[in-house]
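Residue numbers (the numbering used here), protein chains in the order written: chain A, 6 to 593; chain B, 6 to 593.
Glycine included, each C-beta is placed from N, C-alpha and C at the ideal position.
Note that this is a predicted model, so its numbers are computed, not measured.
Number of protein chains: 2
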Amino acid sequence: MLTSLSSLFVRTLRDDPADAEVPSHRWLVRAGYIRRAAPGIYSWLPLGLKVLQKVETIVREEMDAIGAQEVRFPALLPREPYEETGRWTEYGETLFRLQDRKGADMLLGPTHEEMFTLMVKDLYSSYKDLPLSLYQIQTKYRDEARPRAGLLRGREFVMKDSYSFDVDDAGLEASYQAHRDAYRRIFTRLGLDFVIVSAMAGAMGGSRSEEFLAVADNGEDTFVRSPGGYAANVEAVRFAPPPALPVEDAPAMELVDTPDAGTIAAVVDILNRDLPARTWTGADTLKNVLFKVTDPDGSTRPLAVGLPGDREVDLKRLAAALEPAVADVFGPEDFAKYPQLVVGFISPVSLDGTRVLGKESATKIEYLVDPRVVTGTHWATGANEKDRHLVGVTAGRDFDADGVLDVAEVREGDPAPDGSGPLSLARGIEMGHIFQLGRKYAEALGLKVLDSNGKLVTVTMGSYGVGVSRAVAAIAEETSDDKGLCWPLPLAPYQVQLVATGKDSAVFEEAARIGQELSASGLDVLLDDRKASPGVKFADAEIMGMPLIVVVGRGLANGVVEFRDRRSGDRREVAVGDIVSEVLAATR
Amino acid sequence: MLTSLSSLFVRTLRDDPADAEVPSHRWLVRAGYIRRAAPGIYSWLPLGLKVLQKVETIVREEMDAIGAQEVRFPALLPREPYEETGRWTEYGETLFRLQDRKGADMLLGPTHEEMFTLMVKDLYSSYKDLPLSLYQIQTKYRDEARPRAGLLRGREFVMKDSYSFDVDDAGLEASYQAHRDAYRRIFTRLGLDFVIVSAMAGAMGGSRSEEFLAVADNGEDTFVRSPGGYAANVEAVRFAPPPALPVEDAPAMELVDTPDAGTIAAVVDILNRDLPARTWTGADTLKNVLFKVTDPDGSTRPLAVGLPGDREVDLKRLAAALEPAVADVFGPEDFAKYPQLVVGFISPVSLDGTRVLGKESATKIEYLVDPRVVTGTHWATGANEKDRHLVGVTAGRDFDADGVLDVAEVREGDPAPDGSGPLSLARGIEMGHIFQLGRKYAEALGLKVLDSNGKLVTVTMGSYGVGVSRAVAAIAEETSDDKGLCWPLPLAPYQVQLVATGKDSAVFEEAARIGQELSASGLDVLLDDRKASPGVKFADAEIMGMPLIVVVGRGLANGVVEFRDRRSGDRREVAVGDIVSEVLAATR
Numbered sequence: 006m007l008t009s010l011s012s013l014f015v016r017t018l019r020d021d022p023a024d025a026e027v028p029s030h031r032w033l034v035r036a037g038y039i040r041r042a043a044p045g046i047y048s049w050l051p052l053g054l055k056v057l058q059k060v061e062t063i064v065r066e067e068m069d070a071i072g073a074q075e076v077r078f079p080a081l082l083p084r085e086p087y088e089e090t091g092r093w094t095e096y097g098e099t100l101f102r103l104q105d106r107k108g109a110d111m112l113l114g115p116t117h118e119e120m121f122t123l124m125v126k127d128l129y130s131s132y133k134d135l136p137l138s139l140y141q142i143q144t145k146y147r148d149e150a151r152p153r154a155g156l157l158r159g160r161e162f163v164m165k166d167s168y169s170f171d172v173d174d175a176g177l178e179a180s181y182q183a184h185r186d187a188y189r190r191i192f193t194r195l196g197l198d199f200v201i202v203s204a205m206a207g208a209m210g211g212s213r214s215e216e217f218l219a220v221a222d223n224g225e226d227t228f229v230r231s232p233g234g235y236a237a238n239v240e241a242v243r244f245a246p247p248p249a250l251p252v253e254d255a256p257a258m259e260l261v262d263t264p265d266a267g268t269i270a271a272v273v274d275i276l277n278r279d280l281p282a283r284t285w286t287g288a289d290t291l292k293n294v295l296f297k298v299t300d301p302d303g304s305t306r307p308l309a310v311g312l313p314g315d316r317e318v319d320l321k322r323l324a325a326a327l328e329p330a331v332a333d334v335f336g337p338e339d340f341a342k343y344p345q346l347v348v349g350f351i352s353p354v355s356l357d358g359t360r361v362l363g364k365e366s367a368t369k370i371e372y373l374v375d376p377r378v379v380t381g382t383h384w385a386t387g388a389n390e391k392d393r394h395l396v397g398v399t400a401g402r403d404f405d406a407d408g409v410l411d412v413a414e415v416r417e418g419d420p421a422p423d424g425s426g427p428l429s430l431a432r433g434i435e436m437g438h439i440f441q442l443g444r445k446y447a448e449a450l451g452l453k454v455l456d457s458n459g460k461l462v463t464v465t466m467g468s469y470g471v472g473v474s475r476a477v478a479a480i481a482e483e484t485s486d487d488k489g490l491c492w493p494l495p496l497a498p499y500q501v502q503l504v505a506t507g508k509d510s511a512v513f514e515e516a517a518r519i520g521q522e523l524s525a526s527g528l529d530v531l532l533d534d535r536k537a538s539p540g541v542k543f544a545d546a547e548i549m550g551m552p553l554i555v556v557v558g559r560g561l562a563n564g565v566v567e568f569r570d571r572r573s574g575d576r577r578e579v580a581v582g583d584i585v586s587e588v589l590a591a592t593r
Numbered sequence: 006m007l008t009s010l011s012s013l014f015v016r017t018l019r020d021d022p023a024d025a026e027v028p029s030h031r032w033l034v035r036a037g038y039i040r041r042a043a044p045g046i047y048s049w050l051p052l053g054l055k056v057l058q059k060v061e062t063i064v065r066e067e068m069d070a071i072g073a074q075e076v077r078f079p080a081l082l083p084r085e086p087y088e089e090t091g092r093w094t095e096y097g098e099t100l101f102r103l104q105d106r107k108g109a110d111m112l113l114g115p116t117h118e119e120m121f122t123l124m125v126k127d128l129y130s131s132y133k134d135l136p137l138s139l140y141q142i143q144t145k146y147r148d149e150a151r152p153r154a155g156l157l158r159g160r161e162f163v164m165k166d167s168y169s170f171d172v173d174d175a176g177l178e179a180s181y182q183a184h185r186d187a188y189r190r191i192f193t194r195l196g197l198d199f200v201i202v203s204a205m206a207g208a209m210g211g212s213r214s215e216e217f218l219a220v221a222d223n224g225e226d227t228f229v230r231s232p233g234g235y236a237a238n239v240e241a242v243r244f245a246p247p248p249a250l251p252v253e254d255a256p257a258m259e260l261v262d263t264p265d266a267g268t269i270a271a272v273v274d275i276l277n278r279d280l281p282a283r284t285w286t287g288a289d290t291l292k293n294v295l296f297k298v299t300d301p302d303g304s305t306r307p308l309a310v311g312l313p314g315d316r317e318v319d320l321k322r323l324a325a326a327l328e329p330a331v332a333d334v335f336g337p338e339d340f341a342k343y344p345q346l347v348v349g350f351i352s353p354v355s356l357d358g359t360r361v362l363g364k365e366s367a368t369k370i371e372y373l374v375d376p377r378v379v380t381g382t383h384w385a386t387g388a389n390e391k392d393r394h395l396v397g398v399t400a401g402r403d404f405d406a407d408g409v410l411d412v413a414e415v416r417e418g419d420p421a422p423d424g425s426g427p428l429s430l431a432r433g434i435e436m437g438h439i440f441q442l443g444r445k446y447a448e449a450l451g452l453k454v455l456d457s458n459g460k461l462v463t464v465t466m467g468s469y470g471v472g473v474s475r476a477v478a479a480i481a482e483e484t485s486d487d488k489g490l491c492w493p494l495p496l497a498p499y500q501v502q503l504v505a506t507g508k509d510s511a512v513f514e515e516a517a518r519i520g521q522e523l524s525a526s527g528l529d530v531l532l533d534d535r536k537a538s539p540g541v542k543f544a545d546a547e548i549m550g551m552p553l554i555v556v557v558g559r560g561l562a563n564g565v566v567e568f569r570d571r572r573s574g575d576r577r578e579v580a581v582g583d584i585v586s587e588v589l590a591a592t593r
């Protein structure tokens, strides 16, 4: 295909869009690939759509290769199936809801587990029909609280979602593995530097779950890796609790005056001064943080989280752990309801032994603690009195938590939960997510088949997603440089940008001839035949990011053209008679 | 491609779906091509999606061939652009509206004139950038009052919509003609029996407009044709008014008693009995029908329509003429407000000369008349008194209409407006619609470019649509028979259904071998390798509708297979060694 830039619907922009936070967003807009239509909602211009379609083709080929069958569900869906699984409510404000002219509740599909489950229930009834994998490449909707970074977190986006259906756990494991392998091939073909990490199942429900993250400094996800091969989204890290200690060895509780000690550091300083028999650090203190939790039905409840004082609550880990409920800060009006709680000096227990946190305590506030807070560990913590702390407060003796909540920040160098060495942290963009859903949806919607003994069994499912439009941005994020976009050959809208410079009509004719020859050889060529200065044309070629650039200009009089590599910036003169074969060689 | 029917996600149904009114709907559901997700909203199963994708490919190829450039806009759109053109309101209940989590008004795009106009305004500024044609193949939403007939009138559907941008009228004419030619090629390649008819512009605004209708008994549109080449959607027919007559030649008004004359026929009988000097027919009477019209802003107003008594108001013609306003019947509570109007005896004038209909009359009710009611024509009509009629009521003397409204039913044999002979009526499915929008949207949204003299001029636009998902149904409507679907070769999901019968494994192996050979030759083959009776397999092959059927069964022992043509039902024995070449010959 040979396209004239003078007729292509594109304009490059000299300035960054005001809302561009990341390179992919900046360059995709500036190079004329996409335009914003509303917050988190984008239109695709011809160049952008070509990249999107190439990503779609790669995804489709790899899904077909594992025997998944393509279908297409509506985006506008009835409420009922989502009501039956609880997601109509659980999705909260992220779900776009609307009513039709008859007042029927509808939604814009954020993901389609319910619809696929019902469709398989409609068509299939026997174990002989399984295993089955279905997929679609389709537009999805999520009303993100903070759409950002262009295509990276949008409210309307293209996803490939697939679903597997098996009669037993071994079948699910095989379907999951087939998808995992297909995803490795997809992200490899897309040229992404990616990692596979353990993940939270999130609002999907289910058990085993992994994410494919494109490694990127601007990624929204933080993940950890160990030298021994542990890899997890930071939200999914679960620390193994240390062994419990004997309670009877613990020291007695003791009151310490801590006037004006407004920080953990100040408390630690006082302890080291007044109780110098040992060295105190923030890790010896127990910090108790209160949250107001809103459940999907709109009701609220208080939650206290206890964790070592040298760590903060990681709000993303907290959000993931509580989903679909949402945590907010505990404000003055909330504290006002609990006179037992003295801000800055909160403790699960008072000096007289009164329990203050926990469902069975005076406040009845649910109390969940970090996995490090095991029975027999003793802590310095508040005394529920102003300017006073307690030391020797012992878990399992002086207080009891209602459960464990692993939401403390994870730090570079923390030990991997599986003992495979110290963790390092990095950031990534979630490109794919695979889940073993199990029987949650099949049970809720009654998807059963007859097994080989003629007995009805509930089908077990997997759910697998690829962010197709997001992939365009992730690839741009990884491959763009300070001059603009820079596509890998298999994804570029055109492999070659052919730039004719000057005003000599012989140059333009020769450029067109070369373009036709390259096009006839199967390449997609963008011919810059505009009446513009060489400087403008070179800058646009760099912004637009076709991997190979051929410049036909003054050198033509000497029988040469210039062949440039967009990524390396290498440029060399090539005899005009050789340029077609040189370009073809570079594309192989 | 070779697919095993035993693993294909499909089930045929023995019974018609309860809501199936037309063959395409019945067979697409029964053959397992689509399933209903909500009223007017369908999911595509693998077989259906393949047909849809083939239609998409044909449309894409023909749009690319006229130099239109593919883009893709969001379906979820902000309110503002549609507010600026008035369509946020004009679309009425047909528009799906919703609010996002911040309370911003949004809509699901029913068509994208506004968004394309704004995009071109964003990128282009000079006449040198034009002409430009852009298109998208995209999912659209309309909250139809009565979704029906499966894919034929859905609420979520796939459309190809394109838009042309020109600096002057000649450019628009050329862009329009290019689309018109492309549409002829598209519908020819789709194998549809289609007509091009003049159309109403409808909610789009604009001037010249034509529809491409697939001729179909079950079509929602009625169109007329004349021997001389006139063709129009019945909604767009505009009768040329006869010449006005001299008012002074008209007879005087005269009162006639018409007791119990509840119908036009009864009135005519009385007139022929009591005034036998001439022969009276229904066409000599003037019928006055009242409607309550609701404008898009929700306000209502009365409207009286006067037309010859032998014709009914065609409610679809009326709806099209009033759009975006909507007409309802005038109920007893409405008549109660106008004591001057006596139901059954309504007239624009009373015997004493009081004007009763018309903006200047006693009732102030707008009065619009059929084009046949020209000045000087005289009529028998009501007397605004019970059991009394007037004759000799003369237009332009005894009453004046506020305007003309051409909404009477059009009848077989009516003269074509252009004098090209008597009209015949037929029905069709609207497959494409092309509009010369002109400057309506460009003016509303400020799309101007500099012309060759450096002067700002408003761009003139065209808008062009193809119902892509509807085409799947229209083709099924035209090609299905009493046994099931029956696809033309270029659109069939598989060209060949290869049926292995019996239990002999040699038969199944040979069928698989033939399938592989056909697949290697580039054909798409569906191999029925199920453990099912020959009867079930043959019936399914007929319902599913692949054009060529090869049966491998008992004849294999004698070295023959059976080759069937799905459409004609022809079947013949072919030597097994020849079947591949025979099938290939049949697909050329």
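- Contacts between Trp-49 of chain B and chain A, judged by CB atoms closer than 7 Å, involve Val-76, Arg-77 in chain order.
- In the three-state reduction of the DSSP assignment, Gly-560 of chain A falls in the helix class, which pools H, G and I.
- Phe-199 of chain A sits in a strand when the DSSP states are folded into three classes.
- Secondary structure in the segment 365-401 of chain A: the beta strand (DSSP E) runs of 3 residues or longer, each lying completely within the stretch, are 371-374, 383-390, 393-399 in chain order.
- DSSP links His-117 of chain B through a beta bridge to no other residue.
- Ranked by Cα distance from His-394 of chain A, the options A:Glu-482, A:Phe-350, A:Asp-486, A:Leu-135 are led by A:Phe-350.
- Cβ-Cβ distances below 8 Å link Tyr-446 of chain B to Thr-90, Glu-118, Glu-119, Thr-122, Gly-210, Leu-452, Met-466 in the same chain, with the five nearest sequence neighbours on each side left out; the list follows chain order.
- Against chain B, the beta carbon of Asp-127 of chain A has neighbours under 9 Å at Arg-16, Arg-40, listed in chain order.
- At a cut-off of 8 Å, the C-beta of Glu-161 of chain A has a neighbouring C-beta in chain B.
- At the C-beta level, Thr-263 of chain B and Asp-403 of chain B stay beyond 8 Å of one another.
- Below the 9 Å Cβ cutoff, chain B contributes no neighbours of Leu-218 of chain A, its closest Cβ being approximately 26 Å away.
- Chain B has no Cβ within less than 8 Å of the Cβ of Asp-411 of chain A.
- Beta-bridge partners assigned by DSSP to Glu-66 of chain A: none are found.
- Contact between Val-64 of chain B and Ile-191 of chain B holds, with the beta-carbon distance rounding to 6 Å and staying under 8 Å.
- Not one beta carbon of chain B lies nearer than 8 Å to the beta carbon of Asp-533 of chain A.
- For Ile-201 of chain A, there are no C-beta contacts with chain B under 7 Å, since the nearest C-beta of that chain is about 28 Å from it.
- A Cβ-Cβ contact shorter than 8 Å links Pro-376 of chain A with Val-409 of chain A.
- Gly-582 of chain A and Lys-536 of chain A have their C-alpha atoms spaced approximately 25 Å apart.
- Take Val-172 of chain B, set aside five residues on each side of it, and the residues of its chain with a beta-carbon closer than 7 Å to its own are Tyr-132, Leu-135, Val-454, Asp-456, Val-462, Val-464, in chain order.
- For Leu-494 of chain B, no beta strand (DSSP E) run applies, since DSSP gives it neither H nor E.
- For the C-beta of Leu-157 of chain A, not a single chain B residue is nearer than 8 Å; the gap to the nearest is close to 16 Å.
- The criterion of a C-beta distance shorter than 8 Å is satisfied by Glu-414 of chain A and Glu-317 of chain A.
- In the three-state reduction of the DSSP assignment, Thr-305 of chain B falls in the strand class, which pools E and B.
- Between Ile-584 of chain A and Val-556 of chain A, the C-beta gap is not smaller than 8 Å, which leaves the two residues out of contact.
- Look at Met-111 of chain A here: in three-state DSSP terms it is strand.
- For Thr-290 of chain B against Val-273 of chain B, the beta-carbon gap comes to about 7 Å, under 8 Å, which counts as contact.
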